[in-house]
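First residue of the sequence shown: 332, per the working numbering; consecutive thereafter. Ideal placement from N, C-alpha and C gives every residue a C-beta, glycine not left out. Working notes, structure below.
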Amino acid sequence: MGCYKVGPGKAINPGIMPADFPAPEMFEGPYYYFDLQKAELLSDLENRLIIDWGRAAISWHQWATNDKEVLAIQTSPRYAFNGFENVILSYGELKEIVSDPTLYENWHTALSSVYAIYLITDRTNGKLYVGSAYGTGGLLGRWSHYVHKPHGDNKGIKAVLDSSPDQFHHFQFSILQILPKNITTEEVINIEPKFRK
């Protein structure tokens, strides 16, 4: 998304088709080709400005002269989602991501799309807890439970927090293995013990 300057239209023909264009059939027929140049206008709001497109939301373009209601201007997220294998989050980071589904939409989409075997590490003493996520909402649903209830209804973690209620602030969350959501709960539970050896 962004603002683009639209150059003059040209009747399409194979002679003006860019090299290696992936869909050459688009240069056949009575259509026009427009050269778009990205404009600096509003570039500071790119991927942050949310507007109400109205009933023309599916149109490939909108004229900048039409007023559009600004719904929100997002701040840039502090934590970028860079793939499941790179997920290592403190409790505070996880809480921020779970608590802001708009700002962290990429995280929410990714984490809710998979089941997983995950690891919680207590950074003060190195103790480890291996868990599995297979319920509603996938991994996001399971980790959200820890944000709302720091023990996550886990007996072992409950025992730790009974004796040291603030210990969850030292927990770190990471992913050991992602799993497709089309496998059964039993299959997920059977994979989990392999990581406890």
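- Here the C-alpha atom of Trp438 lies approximately 31 Å from the C-alpha atom of Asp493.
- Between Leu380 and Leu373, the CB-CB gap stays under 8 Å.
- Sorting Ile451, Lys512, Ile382, Tyr446 by C-alpha distance to the C-alpha of Leu425 places Ile451 at the top.
- When DSSP states are grouped into helix, strand and coil, Lys336 belongs to the strand group.
- Within the region 428 to 457, the alpha helix (DSSP H) runs of at least 4 residues that lie entirely inside it are, in chain order, 436 to 443.
- Going by DSSP, Ile520 is part of the alpha helix (DSSP H) stretching over 516 to 522.
- The three-state reading of DSSP puts Lys512 in coil, since its state is none of H, G, I, E or B.
- Contact holds between the region 413 to 431 and the region 495 to 506, because three or more Cβ pairs, one in each stretch, are under 8 Å apart.
- Shown here, Leu507 sits in a strand according to DSSP, grouped into three states.
- For Leu442 and Gly346, the gap between their C-alpha atoms comes out near 45 Å.
- Following the DSSP letters along the chain, one finds Tyr477 in no beta strand (DSSP E) but inside the alpha helix (DSSP H) bounded by residues 469 to 479.
- Between the C-alpha atoms of Arg527 and Val445 there is a straight-line separation of about 21 Å.
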